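The next block holds one structure in the form of structure tokens; read it before the comments.
Protein chains in written order, with my numbering: chain A, 657 to 1073; chain B, 657 to 1073.
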């Protein structure tokens, strides 16, 4: 080829090199527990108390001494005297002695002397006494102190992305504040053809101009990935202006993504600006769409240089930005929804290039089908709204045949036709 | 059974009846596009402009009249005069005439007269002229006006949960604000055994008390489901106090969830309060954990009555609250990450009860295994942090055998051992 990239770097190689050069860690901040959802935990959490803090009933019934129930049957029940009631937050303050029982609700502390709970189903109370219909072993239907979390135990590892139940576990440990990594992401757009949506509201853009849609996709991706994301605005296609914008962004953010100005043959002011400040820079990736995407490291921080075309930028985010965030916080990739289905027609892709094909996955008569969407360019964002899944064709394949079963990543629910 | 629920309602039946009684719609508000991430679109979006708004180059190269390239080969190239350059936002203002070409960058408007793009790879420019090495058809490497979105087309359906690329598509249409359903969720906790984490910070709870962890799990689940969620505080185990709290919540929120006070045999003040105001109320669900969970409808709005035990509450949220939100906004369930693996030991569950078993899924020597976690009660939240997946055992099974292949829902990444 006379112009364009002289050679393309395989995606895995580009990512591995890029990640190995990253040394920045985002700041650690303590936030109230309720604000930690979706954030990355900044240190290992070791239980410093037992949860539950006492033995408690795991079922509604009667707290008893298990030894008293020996030999009980439905025809020959053991009869115990009911000496009190216990509820959660309303413990029975006395002691359960030989021949005695306490009616107990799930969650209530097990009274002193008792060591098991007989469920209502195996008992019947009549006039101050309860018939027990079966023998129960020690700790039957008892949640032991420390059973949920025991003191000294590693509860959650640093880098864990906090889900709703994790917050519950941290609350159980008495933590009202939690240390998280505050990942601050900045997005800078370039492209003299761009106009902001706020300036065209309701109408069509001026002749020759297109709306900057990529910024919204990127800000959304950063937020979904657990980062705070801020849009820093549209910078002219000018190397010096872009360099200044990058330097400003790098001083206050943990990861910076640019869009536009990365192409070969077209406007490449972003590329030149990044080149002039980068300690490491890989670009020209063997990925379709998204060949012009690149990733740089400046002072240990990641700078993701993305195509101005929205679909190419989304692919570049997945390849470089998400792994960079996980590397910085010590996080692990989240599981993705996938489905297997039969291709409705052949899909042809170039060898030695990883292709992200947009597809429509649907169920028909109980069987899943995958239909490739026709695409001409990397700008056709509607393939992500018309389609509902991505088929990643690896470098060592030239596509898949009609009728072949493939696994796709669902970005929206499966359609039913 | 002498106490407890007289009969249990199958989960599907309970949910279907509950949903059929819901008539409330959350308010529709217009928010700036950047704030719409993860919200539910409140109306169908029809394109009122073409995207792209003009024909443009889909590749870097030369804009030509396709007819001029007829018969071109590498040995016998067609030679065209280069009359200008076009970039995105920098259109070529003239007309491409017979024998002429314009160098063009991806995204630039196709100049008048030209109808195709010859990529750099198939051309070579020398001194003001370009050699073309192959014939190209009309619209070769041209993104046609309206190719991405065409005027009048249904772009996104009401009820769609907005993902990052959806925001990009809406921006392309010139929408700087977007109508979404604002789903306001309230959580009320009850339980005299509870103490708030803010009151025990750092230490263990007072004797007989446990920290209210369920509130954090629920608020987190509501937020992950696209709702605003507010915690309204701890209400004493008192029917009248709970009724007043419910009525206040129902006046300002679209969905209300309570925790605690729903059991049979234990404290049931919440149950009584809900009963006294509900138009519809189902409780006692054939689900484990989460039998005491229930769902009510008050003035068309959903009230989810959940167990105070965190894992039971999480299960109840999935059974009642998430479908209620989707019903109110016309949304569709999101795809869940799943994996198939081999059970490492038998799991036994009761017939006619749907069991949500917490499991650990891991990869060993390239094969996926599923290990059931030992659980005694519905309060053991750590099973959701120790485990990484849920195995739902349906009502018509009494479990699965060791060695059987099962599909589980991943709530965290697969472990590698």
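Here a beta-carbon is modelled for each residue, glycine too, at the ideal position from N, C-alpha and C. Since the model is a prediction, treat every value here as computed from it, not as a measurement.
Taking 8 angstroms as the limit between beta carbons, can you name the residues of its chain near residue 829 (chain A), skipping five residues before and five after? Here residue 829 (chain A) refers to the residue found at position 173 of the first chain. The residues are 701, 703, 704, 705, 707, 805, 811.
Whose CA, out of A:797, A:913, A:766, lies closest to the CA of residue 969 (chain A)? Residue numbering aside, residue 969 (chain A) sits at position 313 when the first chain is read from its first letter. Of the candidates A:797, A:913, A:766, the one whose C-alpha sits nearest the C-alpha of residue 969 (chain A) is A:913.
Use the C-beta contact count for residue 1068 (chain B): other C-beta atoms within 10 angstroms, 16 or more gives buried, fewer gives exposed. Residue mapping note: residue 1068 (chain B) aligns to position 412 of the second chain, counting from 1. That one is buried.
Residue 1062 (chain B) and residue 1045 (chain B) - do their beta-carbons sit closer together than 7 angstroms? Here residue 1045 (chain B) corresponds to residue number 389 of the second chain, with the count starting at 1. Here residue 1062 (chain B) corresponds to residue number 406 of the second chain, with the count starting at 1. No, they are not a contact pair.
Reduced DSSP secondary structure (H/G/I, E/B, other) of residue 835 (chain A): Within the first chain, the letter at position 179 stands for residue 835 (chain A). Residue 835 (chain A) falls in the strand class under three-state DSSP.
Contact set for residue 1006 (chain A): own chain, Cβ-Cβ below 8 angstroms, skip 5 residues either direction: Reading the first chain from its first residue, position 350 is the one you call residue 1006 (chain A). For residue 1006 (chain A), where only same-chain residues beyond five positions count, the Cβ hits under 8 angstroms are 944, 1054.
Chain B contact for residue 771 (chain A) (CB, 7 angstroms cutoff): What you label residue 771 (chain A) is simply residue 115 of the first chain in a count that begins at 1. Between residue 771 (chain A) and chain B, the shortest Cβ-Cβ separation is not below 7 angstroms.
Closest residue to residue 674 (chain A) among A:859, A:843, A:951 (Cα-Cα distance): Here residue 674 (chain A) corresponds to residue number 18 of the first chain, with the count starting at 1. The option with the nearest alpha carbon to residue 674 (chain A) is A:951.
On the DSSP bridge list, what partners appear for residue 1065 (chain B)? As a working mapping, residue 1065 (chain B) is identified with position 409 in the second chain. Answer by DSSP bridge pairing, in chain order: B:994, B:1046.
Neighbour-count burial assignment, residue 1008 (chain B), 16 or more Cβ in a 10 Å radius: Within the second chain, numbered from 1, the residue matching residue 1008 (chain B) stands at position 352. Answer is exposed; the Cβ neighbour count stays below 16.
Using a Cβ-Cβ cut-off of 7 angstroms, state whether residue 802 (chain B) counts as contacting chain A. Residue numbering aside, residue 802 (chain B) sits at position 146 when the second chain is read from its first letter. With 7 angstroms as the cut-off, residue 802 (chain B) does not count as an interface residue toward chain A.
Counting C-beta neighbours from all protein chains within 10 Å, is the total for residue 1052 (chain B) 16 or more, i.e. buried, or is it exposed? By 1-based counting over the second chain, the position of residue 1052 (chain B) is 396. So residue 1052 (chain B) ends up on the exposed side.
Residue 865 (chain B) touches chain A at which residues, Cβ-Cβ below 7 angstroms? Along the second chain, read from residue 1 onward, the residue named residue 865 (chain B) stands at position 209. Within 7 angstroms Cβ-Cβ: 745.
Closer than 7 angstroms, CB to CB, is residue 1015 (chain B) near chain A or not? Residue 1015 (chain B) sits at position 359 when you count from the first residue of the second chain. Cβ-Cβ to chain A under 7 angstroms: no for residue 1015 (chain B).
Short CB-CB distance (under 7 angstroms) between residue 840 (chain B) and chain A: Residue mapping note: residue 840 (chain B) aligns to position 184 of the second chain, counting from 1. Taking Cβ atoms only, chain A never reaches closer than 7 angstroms to residue 840 (chain B), which makes this a no.
Would residue 658 (chain A) count as contacting chain B if we go by Cβ distances under 7 angstroms? Within the first chain, residue 658 (chain A) is the residue found at index 2, counting from 1. At residue 658 (chain A), the pLDDT of 37 sits below 50, so the modelled position is not reliable and the matter cannot be decided from this model.
Within the same chain, show all residues whose beta-carbon is closer than 8 angstroms to that of residue 1075 (chain A), passing over the 5 residues directly before and after it, in chain order. A query on residue 1075 (chain A) cannot be resolved here, the shown segment of chain A reaching from 657 to 1073 and no further.
Any Cβ of chain B within less than 7 angstroms of the Cβ of residue 1006 (chain A)? The residue labelled residue 1006 (chain A) in the question sits at position 350 within the first chain. By this cut-off, residue 1006 (chain A) is not an interface position.
Residue interval of the alpha helix (DSSP H) (run including residue 759 (chain B)): Here residue 759 (chain B) corresponds to residue number 103 of the second chain, with the count starting at 1. Taken as a continuous stretch (DSSP letters only), residue 759 (chain B) belongs to no alpha helix (DSSP H), being part of the beta strand (DSSP E) at 756-760.
Hey, quick one: how far does the beta strand (DSSP E) through residue 677 (chain B) stretch, first residue to last? By one-based count along the second chain, residue 677 (chain B) stands at place 21. Per DSSP, residue 677 (chain B) belongs to no beta strand (DSSP E); it is in the alpha helix (DSSP H), 667-677.
Cutoff 7 angstroms: residue 668 (chain A) Cβ touching any chain B Cβ: The residue you call residue 668 (chain A) lines up with position 12 of the first chain. So, not an interface residue.
Strand pairing of residue 1028 (chain A), partner residues [DSSP]: Locating residue 1028 (chain A) in the first chain gives position 372, counting from the first residue. Answer is A:1015.
May I ask whether a heavy atom of the ligand MG can be found less than 6 angstroms away from the beta carbon of residue 917 (chain A)? Judged by which ligands are present, the structure shown has none, so any question about the ligand MG falls away.
Is there at least one Cβ from chain A nearer than 7 angstroms to residue 913 (chain B)'s Cβ? Stepping through the second chain from its first residue, residue 913 (chain B) is reached at position 257. Answer no: the Cβ-Cβ gap between residue 913 (chain B) and chain A never drops below 7 angstroms.
Hey, residue 823 (chain A) and residue 872 (chain B) are a contact pair by Cβ (cut 8 angstroms); roughly how many whole angstroms apart? Stepping through the first chain from its first residue, residue 823 (chain A) is reached at position 167. Stepping through the second chain from its first residue, residue 872 (chain B) is reached at position 216. Right, the Cβ-Cβ distance comes to about 4 angstroms (below 8 angstroms), so this counts as a contact.
Between the segment 819-838 of chain B and chain A, which residues of the former have CB atoms less than 9 angstroms from a CB of the latter, in chain order? 819, 820, 821, 822, 823, 824, 825, 826, 827, 828, 829, 830, 831, 832, 833
Under 8 angstroms between beta-carbons, which chain A residues line up against residue 1036 (chain B)? List them in chain order, please. As a first step, residue 1036 (chain B) is located in the second chain; it is residue number 380 there, counting from the start. By Cβ distance, chain A contributes 799, 803, 804.
Is DSSP giving residue 711 (chain A) helix, strand or coil here? On the first chain, position 55 is the one that residue 711 (chain A) refers to. It is coil, neither helix nor strand.
Taking only three categories from DSSP, how would you classify residue 1073 (chain B)? Mapped onto the second chain, residue 1073 (chain B) falls at position 417. The answer is coil: DSSP assigns residue 1073 (chain B) none of H, G, I, E or B.
Could you check where the alpha helix (DSSP H) with residue 824 (chain B) kicks off and where it finishes? For the purposes of this step, residue 824 (chain B) is identified with residue 168 of the second chain, where counting begins at 1. That run of the alpha helix (DSSP H) goes 820-828.
Please confirm if the segment 841-856 of chain A is in contact with the segment 866-886 of chain B, defined as three or more CB-CB distances below 8 angstroms between the two stretches. No, the segment 841-856 of chain A does not touch the segment 866-886 of chain B.
Going by CA-CA distance only, name the one from A:780, A:741, A:678, A:838 that's closest to residue 728 (chain A). In the first chain, residue 728 (chain A) corresponds to position 72, counting from 1. Selected option, being the one with the closest Cα: A:780.
Given that residue 879 (chain B) touches chain A, what residues does it touch there, using C-beta distances under 9 angstroms? As a first step, residue 879 (chain B) must be located in the second chain, where it is residue number 223. Neighbours of residue 879 (chain B) on chain A, chain order: 693, 694, 820.
Among all the DSSP beta bridges, which residues are the ones paired with residue 884 (chain A)? Working through the first chain from its first residue, we reach residue 884 (chain A) at position 228. Beta-bridge pairing links residue 884 (chain A) to A:840.
Can the beta-carbon of residue 1037 (chain A) be found closer than 7 angstroms to that of residue 966 (chain A)? Here residue 1037 (chain A) is taken as the residue at index 381 of the first chain, counted from 1. Here residue 966 (chain A) is taken as the residue at index 310 of the first chain, counted from 1. Annotated as proximal: residue 1037 (chain A) and residue 966 (chain A), with beta-carbon spacing under 7 angstroms.
Verify whether the separation of the beta carbon atoms of residue 1019 (chain B) and residue 1070 (chain B) is less than 7 angstroms. Counted from its first residue, the second chain places residue 1019 (chain B) at position 363. Counted from its first residue, the second chain places residue 1070 (chain B) at position 414. Taking 7 angstroms as the Cβ cut-off, residue 1019 (chain B) and residue 1070 (chain B) qualify as a contacting pair.
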